[in-house]
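Novice: Counted from 1, the sequence shown has number 267 at position 267 by the UniProt record's numbering; the numbering is strictly sequential.
Quick reminder that beta carbons are idealized off the backbone N, C-alpha and C, glycines included.
Predicted model only: the values in this text are computed from it and were never measured.
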Amino acid sequence: MALEIKIPAVGESITEVTIAKWLKKDGEAVKRDEVIAELESDKATFELPAEGDGTLKIRVAEGETIGIGTVIAEIGGDGAAAAAPAAEAPKAEAPKADPVSQGEENPKASDQAGYGGTPAGGAASGTPAAPAAAPAAGGSGETKEMKIPAVGESITEVTVAKWLKPDGAQVAQDEVIAELESDKATFELPSEAAGILRHVAKEGETIGIGAVIARIEGAGAGAPAAVPAAAPAQAAAAAPAAQAATSSSTTYASGVPSPAAGKILDEKGINAGGVQGTGRDGRITKEDALKAQPQPAAAPAAPAAKPAAAPAAQEAPAAGGSRNQRRERMSNLRKTVARRLVSVKNETAMLTTFNEVNMQPIMDLRNKFKDKFKEKKGVGLGFMSFFTKAVCVALQEWPAVNAQIDGTDIVYNDFCDVSIAVSAPKGLVVPVIRNAEQLSFDGIEKEIARLAGLARDNKLTIEQMTGGTFTITNGGVFGSMMSTPIINAPQSAILGMHNIVQRPIAENGQVVIRPMMYLALSYDHRIIDGRESVSFLVRVKELLEDPMRLLLGV
């Protein structure tokens, strides 16, 4: 009886997927857990493994979009009939599936104790020791499944950013084994038990909340020690036998790149046939792909073989420069930023008003007191504290700028939670300074330094980036002279700072050179009128050009 391969559930909000690519051809023999296709949704790309051994019969063509649960292929043969009983025996299945599907991304794991040298390693390589090895690995203790925990109300999926422990490694309870990345923050995943770690999801893979990301084998006291000591004589005999079988025969994995390796080879323009695989069963790993070098000698060989055919035509392309292209998948953070910015442009009546500020008074004040300020307060006196204090004063005088629309209501905030846009390694983030109106100059500078440090280390939490009522962004640090910043929804306004440039201005009937900065206030015209937006920006200008007002509160 043929085994039907159906589209599995890949996330709560995903109802359909597209067959991006068939990795195996129709009528080709496949093995259990061998990746046969790549599925693509509107959020991520997934791999589809075979559920048994046999001959693949494709029922849905590449490029077609189908619903979850739809049958896309069948596997016929004896292996398909045995697939159902195998699925009911998880202890025998785990040693077989994990080394094949996960070892390809971590070839060094096969050299570690308790993995490549155990009977489980022999089962993975297809040696006759497989039937006897499976019970030894499965009977060492409980196998605990680790699932993706809930990390926030609005987060439905995360990406495995980095495995901190390799597949097959011994881990302790509460030891951090992986870093997870959502579209808002990065989280650490601790082990829920002590034992041997088996990866289920690969680095870079996006999975839903509640999905199994790893398994801990031998969970419980004393269980891990039983794995290497179970059958040392058989393990010693199985290892050379597995190596001999691998070196003397070619398996389905020989010369086949893993998905990560295939992507790298495609970007480099290298044919997988010319790369030597060092992974299990000769599979081309990510490290092999990174080390692979293109062969430029092959390109000029064709025109050199026919010099007399069309010499002028062959010489013309050589005069051009490099035509290489590089394609990278967008990170979750970048996808979210793109989606929200487009949403703001489409759903708000955004308008921008401009003004300019003479920064000479603030610069004179900083030059006079910055050394004493740092000596006494322990932090430098920057421009952001002046702008934040000025914004807080103006927001309290013009509350509509500090408000937001919620359905058919307007929510006014009596506090000032100021979001500061920070350029982090993974993209733009906006940590929030809570109750900025109550902080002093040194309090604001210390909070900005603390949040900026967390942003650079990718350690900002979701709570630290949500709930702001107004945003300040400083494009001047990159040399921007003028811009129209986009509102940070659901806020209603954002202030853009720009580069300080020496420009001639008229002052008391005289043309003088002053350090000038353009200010831009983008606002939602649905809630903020022109009078309020212009008056707010003028008030900020007045406070900055006479900083003693900020100190005296007038």
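Answer yes or no: do V401 and I528 have a C-beta to C-beta separation smaller than 8 Å?
Specialist: Looking up residue 401 in the sequence shown gives position 401. Looking up residue 528 in the sequence shown gives position 528. Their beta carbons are under 8 Å apart, which means V401 touches I528 by this criterion.
Novice: If I follow the unbroken alpha helix (DSSP H) through A452, where does it start and stop?
Specialist: Stepping through the sequence shown from its first residue, residue 452 is reached at position 452. Looking at the DSSP string, the run of the alpha helix (DSSP H) that includes A452 is 441-456.
Novice: Skipping 5 residues on each side, what residues in its chain have a beta carbon closer than 7 Å to that of G69?
Specialist: Mapped onto the sequence shown, residue 69 falls at position 69. Only K6, I7 meet the Cβ criterion.
Novice: Among the residues of its own chain, which have a CB less than 8 Å from the CB of N435, if the five just before and after it don't count?
Specialist: Reading the sequence shown from its first residue, position 435 is the one you call residue 435. Taken in chain order, the residues that qualify are F415, C416, D417.
Novice: Using DSSP with H/G/I as helix, E/B as strand and the rest coil, what is I7?
Specialist: If you number the sequence shown from 1, residue 7 lands on position 7. It is coil, neither helix nor strand.
Novice: Check F536 in the structure and name its three-state DSSP category.
Specialist: By 1-based counting over the sequence shown, the position of residue 536 is 536. Helix.
Novice: Taking C-beta to C-beta, are residue 573 and R526 nearer than 8 Å?
Specialist: Absent from the structure is residue 573, since the part of the chain shown begins at 1 and ends at 554.
Novice: If contacts are defined as beta-carbon pairs under 8 Å, then S182 and N332 qualify, I think. What distance do you get, rounded to the angstrom?
Specialist: Reading the sequence shown from its first residue, position 182 is the one you call residue 182. Reading the sequence shown from its first residue, position 332 is the one you call residue 332. S182 to N332, Cβ: 6 Å. Contact.
Novice: Rounded to the nearest angstrom, how far is the Cβ of V422 from that of V429, given a contact under 8 Å?
Specialist: Counting from 1 along the sequence shown, the entry for residue 422 is found at position 422. Counting from 1 along the sequence shown, the entry for residue 429 is found at position 429. The pair is a contact, with the Cβ atoms about 5 Å apart (cut-off 8 Å).
Novice: Rounded to the nearest angstrom, how far is the Cβ of I420 from that of I472, given a contact under 8 Å?
Specialist: One-based indexing of the sequence shown puts residue 420 at position 420. One-based indexing of the sequence shown puts residue 472 at position 472. Correct: roughly 6 Å between the Cβ atoms.
Novice: Which same chain residues end up closer than 6 Å to M380 when comparing Cβ atoms and leaving out the 5 residues on each side of it in sequence?
Specialist: For the purposes of this step, residue 380 is taken as residue 380 along the sequence shown, with counting starting at 1. Looking at the sequence itself, residue 380 is Gly, so the reference to Met does not match. Correct list, in chain order: K374.
Novice: Secondary structure at E51, three-state DSSP: helix, strand or coil?
Specialist: What you label residue 51 is simply residue 51 of the sequence shown in a count that begins at 1. Correct three-state label for E51: coil.
Novice: With a threshold of 8 Å on Cβ separation, who are the neighbours of A338 within its own chain once the five nearest residues in sequence on each side are excluded?
Specialist: Stepping through the sequence shown from its first residue, residue 338 is reached at position 338. For A338, where only same-chain residues beyond five positions count, the Cβ hits under 8 Å are M330.
Novice: In three-state DSSP terms, what is residue 575?
Specialist: In the structure displayed, the chain extends from 1 to 554; residue 575 sits before or after that span and is not available.
Novice: What did DSSP end up calling Q396 once you bin it into helix, strand or coil?
Specialist: The sequence position of residue 396 within the sequence shown is 396, counting from 1. Note: Q396 maps to helix in three-state DSSP.
Novice: For V10, I'd like the list of residues in its chain whose CB is within less than 6 Å of its CB, leaving aside the five on either flank, ordered along the chain.
Specialist: To locate residue 10, count along the sequence shown from 1; it is residue 10. If we look at V10 and ignore the five residues flanking it on each side, its Cβ neighbours are F46.
Novice: Confirm, please, whether the CB-CB distance from E437 to Q464 is below 8 Å.
Specialist: Locating residue 464 in the sequence shown gives position 464, where the first residue counts as 1. Locating residue 437 in the sequence shown gives position 437, where the first residue counts as 1. Not a contact, by the Cβ cut-off of 8 Å.
Novice: So, using beta-carbon positions, are A178 and L189 closer together than 8 Å?
Specialist: Position 178 of the sequence shown, counting from 1, holds the residue named residue 178. Position 189 of the sequence shown, counting from 1, holds the residue named residue 189. Result yes, Cβ atoms of A178 and L189 sit closer than 8 Å.
Novice: Out of M359, L550, T469, point me to the one whose CA is closest to P515's CA.
Specialist: Here the question's residue 515 lines up with position 515 in the sequence shown. It is M359.
Novice: Measure the CB-CB distance between I362 and P485 and report whether it falls below 8 Å.
Specialist: Locating residue 362 in the sequence shown gives position 362, counting from the first residue. Locating residue 485 in the sequence shown gives position 485, counting from the first residue. Contact: no.
Novice: At which residues does the alpha helix (DSSP H) containing G517 begin and terminate?
Specialist: The residue given as residue 517 occupies position 517 in the sequence shown. First, the amino acid is wrong: residue 517 is Met here, not Gly. Counting along the chain, M517 falls outside any alpha helix (DSSP H), though it belongs to the beta strand (DSSP E) covering 510-524.
Novice: So what does DSSP say about M146, is it helix, strand or coil?
Specialist: Here residue 146 is taken as the residue at index 146 of the sequence shown, counted from 1. Here M146 sits in strand by DSSP.
Novice: Between the Cα of M481 and the Cα atoms of Q491, L460, G496, S492, which residue gives the shortest distance?
Specialist: The residue you call residue 481 lines up with position 481 of the sequence shown. The shortest Cα separation from M481 among Q491, L460, G496, S492 belongs to G496.
Novice: Can you say whether A193 is buried or exposed, counting buried as having 16 or more other CB atoms within 10 angstroms of its CB?
Specialist: As a working mapping, residue 193 is identified with position 193 in the sequence shown. With 16 or more other Cβ atoms within 10 Å, it is buried.
Novice: Please state the DSSP three-state secondary structure of S423.
Specialist: The residue given as residue 423 occupies position 423 in the sequence shown. Residue state, collapsed to three classes: strand.
Novice: Please name the residue, chosen from A211, I270, A261, that lies closest to G279 on a Cα-to-Cα basis.
Specialist: Working through the sequence shown from its first residue, we reach residue 279 at position 279. Nearest option by C-alpha distance: A261.
Novice: Is I213 helix, strand or coil by DSSP?
Specialist: Taking the first residue of the sequence shown as position 1, residue 213 is located at position 213. If DSSP states are grouped into helix, strand and coil, I213 belongs with the strands.
Novice: Measure the C-alpha to C-alpha separation of E38 and A61 and round it to an integer number of angstroms.
Specialist: Numbered from 1 along the sequence shown, position 38 holds the residue referred to as residue 38. Numbered from 1 along the sequence shown, position 61 holds the residue referred to as residue 61. Between E38 and A61, the C-alpha separation is close to 12 Å.
Novice: Out of N355, T353, E267, which has the shortest C-alpha to C-alpha gap to R323?
Specialist: Working through the sequence shown from its first residue, we reach residue 323 at position 323. Nearest C-alpha to R323: E267.
Novice: K21 lies in the beta strand (DSSP E); which residues open and close that run?
Specialist: Position 21 of the sequence shown, counted from the start, is the residue given in the question as residue 21. Here the beta strand (DSSP E) through K21 covers 16-22.
Novice: Whole angstroms is fine: what's the gap from K345's alpha carbon to V357's?
Specialist: Position 345 of the sequence shown, counted from the start, is the residue given in the question as residue 345. Position 357 of the sequence shown, counted from the start, is the residue given in the question as residue 357. Rounded to whole angstroms, K345 to V357 spans 28 Å at the Cα level.
Novice: Verify whether the separation of the beta carbon atoms of A424 and A455 is less than 8 Å.
Specialist: As a first step, residue 424 is located in the sequence shown; it is residue number 424 there, counting from the start. As a first step, residue 455 is located in the sequence shown; it is residue number 455 there, counting from the start. In contact: A424 and A455 (Cβ atoms closer than 8 Å).
Novice: How close, in whole Å, do the beta carbons of I196 and Q170 come, if the pair is a contact with beta carbons under 8 Å?
Specialist: Numbered from its first residue, the sequence shown carries residue 196 at position 196. Numbered from its first residue, the sequence shown carries residue 170 at position 170. 6 Å between Cβ atoms; contact.
Novice: Span of the beta strand (DSSP E) holding Q173?
Specialist: Position 173 of the sequence shown, counting from 1, holds the residue named residue 173. Where Q173 is concerned, there is no enclosing beta strand (DSSP E), given that its DSSP letter is neither H nor E.
Novice: Since R334 and G427 are thought to touch, with beta carbons under 8 Å apart, how far apart are those beta carbons, to the nearest angstrom?
Specialist: Taking the sequence shown and counting its residues from 1, one reaches residue 334 at position 334. Taking the sequence shown and counting its residues from 1, one reaches residue 427 at position 427. Contact holds; Cβ gap of about 6 Å.
Novice: Label R531 either buried or exposed according to how many other C-beta atoms from any shown protein chain fall within 10 Å of its C-beta, with 16 as the threshold for buried.
Specialist: Indexing the sequence shown from 1 puts residue 531 at position 531. Label assigned to R531: exposed.
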